[in-house]
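K.L.:
Encoded as C-alpha cells, here's the structure I'll be asking about.
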Amino acid sequence: MLIHCGLNAKQSTGRRILRDLWSGKWSSVNSRNQRVITHDLRLQELTSWANTEAQRLTAVASVAVALRTVSGDASFRRYFRLTTAHYSYVAVDAPPAHENSSVFVKLAGLLRDAAVSAPQVFAVDYDRGFMLLEDFDDTLYLEPLLQAQLRGDSALPEQLYQAAITALVTLQRGVDATQLPAYDRARLHNEMALFETWFCEALLGMHLTAADRSCIADAFRFLEDAALAQPQVAVHRDYHSRNLLLLDHAKFPATASPGIIDFQDAVCGAYSYDLVSLLRDCYITWDDQLVQHWARSFLRQAAEYSLYPTISEAQLFRDMDLMGLQRHLKVMGIFSRLCIRDNKPRYLADIPLVIRYFLDVSHRYTELLSFRNWFAQTVLPVARSRLNDF
1 MLIHCGLNAK
11 QSTGRRILRD
21 LWSGKWSSVN
31 SRNQRVITHD
41 LRLQELTSWA
51 NTEAQRLTAV
61 ASVAVALRTV
71 SGDASFRRYF
81 RLTTAHYSYV
91 AVDAPPAHEN
101 SSVFVKLAGL
111 LRDAAVSAPQ
121 VFAVDYDRGF
131 MLLEDFDDTL
141 YLEPLLQAQL
151 RGDSALPEQL
161 YQAAITALVT
171 LQRGVDATQL
181 PAYDRARLHN
191 EMALFETWFC
201 EALLGMHLTA
211 ADRSCIADAF
221 RFLEDAALAQ
231 PQVAVHRDYH
241 SRNLLLLDHA
251 KFPATASPGI
261 IDFQDAVCGA
271 YSYDLVSLLR
281 DCYITWDDQL
291 VQHWARSFLR
301 QAAEYSLYPT
311 ISEAQLFRDM
321 DLMGLQRHLK
331 VMGIFSRLCI
341 RDNKPRYLAD
351 IPLVIRYFLD
361 VSHRYTELLS
371 FRNWFAQTVL
381 PVARSRLNDF
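Below, the structure is given as C-alpha cells:
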C-alpha cells in the first residue's frame with residue numbers, strides 16, 4: 001500500500017520544527033551539546049564516577065575524559081555521553097530528590113526481558129542518582145520523520161511507524177502489567193487537572209467560575225470512565241517520536257526495533273494510550289488517513305497474538321480518540337508548567353498542535369459538546385492572545 005504524506009499544515013509544522021533543529025533550539029542536535037560541561041559539582045562527581053565504572057566494565061585503562069551533553073528532557077534528569085577510542089556510554093544524572101533510579105532500573109529490566117529495545121543499565125549509584133547506560137546514539141525518530149515530510153517521502157515514515165507499532169505490541173504482550181502502578185481514576189484525574197491549574201489559570205491567567213469548573217469536571221469524568229473501560233496493559237506513557245531512537249544496524253544488528261527511552265513513568269493502563277501518543281504526537285502530525293492506516297496495523301499485529309479479540313476498528317478509533325483527549329488536556333498543563341515552573345518555554349511552541357488535536361477530535365462526541373463549546377468560546381481566544389506573548 002502506497003501511503004502519501006500530506007504536506008500542507010503538516011509541512012508548515014515540520015518546517016518550523018526542523019528550522020528549530022537546524023538553528024539550535026532543540027537540544028538533541030544543538031551545537032551547544034558538543035561543548036564540554038564542567039561547571040557544576042554534580043557533573044564533576046558524575047564524570048569521576050562514570051569514568052571509573054567504564055574502565056571497570058571494559059578493563060581498559062584510559063585517561064579520564066569529560067562528559068558531553070546528549071540531551072535534556074522534560075524532567076530533572078540530564079544525559080551525557082562518555083566516549084573514548086574503546087567505548088561509548090550514556091551517563092545519567094538523576095537527582096534522588098526528584099528521580100527514582102530504582103524504578104528506572106526495574107523497568108529497563110522488564111522491557112529487556114520482554115525483548116523490547118531498552119538501554120542496558122551497566123552501573124548505578126542509587127544514593128547519588130547516577131547511572132551508566134548503553135549508548136543508543138542520538139537519532140530520534142522525530143528528525144528523520146520531519147525531513148521525510150519535507151521531501152515528500154512516504155516510505156521512511158511507513159517503515160519507522162511499522163517498527164514502532166511492532167515494538168509496542170511486543171511491549172503490551174510481554175510486560176507483566178501487574179508489576180506496574182495502576183493508571184487509576186485518581187491518576188487520570190490529577191493529570192487532567194494540570195489543564196485547569198497550569199494551562200487555564202497559571203499560563204492564560206483565567207479566573208474560572210463555578211460553572212466553568214462544573215463543565216470541566218463533567219468532561220474529566222467522561223474521559224476517566226472511557227479510559228478505565230478499556231483493556232488494561234503495560235503503558236510506556238510517553239511513547240512518541242522524541243522517545244524512540246533509530247538504531248544503527250551496524251551496532252545493533254539483532255533488531256530492527258526502535259530504541260525506547262524515557263520509560264520510567266510506565267503504568268498499567270488503557271491499551272490505546274501509547275498508540276495515540278505515537279500517532280497523535282505532540283511534535284509531529286499526520287493526516288487521519290495515515291493515523292487510521294497505522295492504527296489498523298496495530299490491531300492486525302495484536303490479533304496475531306490473540307490480543308484484544310473483541311475490539312473492532314471502530315472501537316479502536318473511539319478508544320484512541322477519547323484516550324488522546326485525556327492525554328492532550330494533560331499535555332497542555334504539563335507544557336505550561338514546564339514553562340512557568342521549570343523555565344523551559346520552548347514547549348509552548350507545541351501547544352497549538354495539541355489544541356488542534358483537541359478541537360479536531362472533541363467535536364465527534366456529543367458527551368463533550370458543552371466542554372468543547374466552552375473551550376472554543378472561552379479558552380481559545382485567550383490562548384491565541386497569550387501564546388503570542390511568548
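Residue numbers for the sequence shown follow our numbering, beginning at 1 and rising by one. A virtual CB, placed ideally from N, CA and C, is assigned to each residue, including glycine. Everything numeric in this text was worked out from a predicted model, so none of it was measured.
For Ala123, which beta-bridge partners are listed by DSSP?
P.N.:
For Ala123, which the question treats as bridged, DSSP gives the partners Leu132.
K.L.:
Exposed or buried, which one is Asp288 when buried takes at least 16 other CB atoms within 10 Å?
P.N.:
Asp288 should be labelled exposed.
K.L.:
Whose CA, out of Asn243, Phe252, Ala118, lies closest to the CA of Asp274?
P.N.:
Nearest C-alpha to Asp274: Asn243.
K.L.:
Please determine, among Leu43, Leu290, Asn373, the residue with the shortest C-alpha to C-alpha distance to Ala155.
P.N.:
For the residues Leu43, Leu290, Asn373, the minimum Cα distance to Ala155 belongs to Leu290.
K.L.:
Give the list of continuous beta strand (DSSP E) stretches no shorter than 3 residues that lie fully inside the segment 47-113.
P.N.:
With a minimum length of 3 residues, the continuous beta strand (DSSP E) runs that stay inside the segment 47-113 are 68-72, 78-83, 88-93.
K.L.:
According to DSSP, is Ile37 helix, strand or coil?
P.N.:
With a pLDDT of 44 at Ile37, under the threshold of 50, the predicted position of this residue should be treated as unreliable, and no value is reported.
K.L.:
What are the start and end residues of each continuous beta strand (DSSP E) run of 3 or more residues lying completely inside the segment 209-254, in chain order?
P.N.:
As far as the segment 209-254 is concerned, its whole beta strand (DSSP E) runs of at least 3 residues are 232-235.
K.L.:
Three-state secondary structure (DSSP) at Cys268?
P.N.:
In this structure, Cys268 counts as strand in the three-state DSSP scheme.
K.L.:
Indicate the three-state DSSP secondary structure (helix, strand or coil) for Ile334 in the structure shown.
P.N.:
It is helical.
K.L.:
Could you check which residue in Tyr365, Trp374, Arg386 has the C-alpha nearest to that of Thr209?
P.N.:
Residue Trp374 is the option with its Cα nearest to Thr209.
K.L.:
Tell whether a beta-carbon distance below 8 Å holds between Ile260 and Ala167.
P.N.:
It is a contact, given that the beta carbons lie within the stated cut-off.
K.L.:
What is the rounded straight-line gap between the Cα of Trp286 and the Cα of Leu107?
P.N.:
Their Cα atoms are separated by approximately 30 Å.
K.L.:
Helix, strand or coil for Arg174, going by three-state DSSP, please let me know.
P.N.:
According to the sequence shown, residue 174 is Gly rather than Arg. Gly174 falls in the helix class under three-state DSSP.
K.L.:
Identify, in the order they occur along the chain, each residue of the same chain with its Cβ nearer than 7 Å to the Cβ of Tyr239, setting aside the five sequence neighbours on each side.
P.N.:
Closer than 7 Å at the Cβ level, and outside the excluded window around Tyr239, lie Leu168, Asp274, Ser277, Leu278.
K.L.:
Using only alpha-carbon positions, find the residue among Gln55, Thr47, Arg78 that is nearest to Leu67.
P.N.:
Considering only alpha carbons, the answer is Thr47.
K.L.:
Taking Gln162 as the reference, give the member of Asp321, His328, Arg300 with the closest Cα.
P.N.:
Of Asp321, His328, Arg300, the residue nearest in Cα terms is Arg300.
K.L.:
Across the segment 213-228 and the segment 300-316, are there enough close Cβ pairs to call them in contact, namely three or more that are closer than 8 Å?
P.N.:
Because the criterion of three Cβ pairs below 8 Å is not met, the segment 213-228 and the segment 300-316 do not touch.
K.L.:
Do Ser272 and Ser117 count as a contact pair if the criterion is CB distance below 8 Å?
P.N.:
Result no, Cβ atoms of Ser117 and Ser272 do not sit closer than 8 Å.
K.L.:
Hey, Ala94 and Ser101 are a contact pair by Cβ (cut 8 Å); roughly how many whole angstroms apart?
P.N.:
Indeed they touch by this definition, with Cβ atoms about 5 Å apart.
K.L.:
What did DSSP end up calling Gly259 once you bin it into helix, strand or coil?
P.N.:
Note: Gly259 maps to strand in three-state DSSP.
K.L.:
For the segment 327-344 against the segment 182-194, do three or more pairs of beta-carbon atoms, one drawn from each stretch, fall closer than 8 Å, so that the two count as touching?
P.N.:
Touching, yes.
K.L.:
For a test of the three-state rule: what should DSSP assign to Val382, helix, strand or coil?
P.N.:
Val382 falls in the helix class under three-state DSSP.
K.L.:
Just to confirm my understanding: we take Ser28, look at its own chain, exclude 5 residues before and 5 after, and list those with CB closer than 7 Å. What are they?
P.N.:
Residue placement at Ser28 is flagged as unreliable, the pLDDT there being 36, under the threshold of 50; a coordinate-derived value is accordingly withheld.
K.L.:
Would you identify the three-state DSSP class for Leu140, choosing helix, strand or coil?
P.N.:
Correct three-state label for Leu140: strand.
K.L.:
Can the beta-carbon of Leu348 be found less than 8 Å from the beta-carbon of Phe335?
P.N.:
Contact: yes.
K.L.:
Cα separation between His236 and Pro381?
P.N.:
Going by the C-alpha atoms only, they are around 34 Å apart.
K.L.:
With distances taken from CA atoms, which of Ala227, Val105, Gln147, Gly324 is nearest Asp125?
P.N.:
With distances taken between Cα atoms, Asp125 lies closest to Val105.
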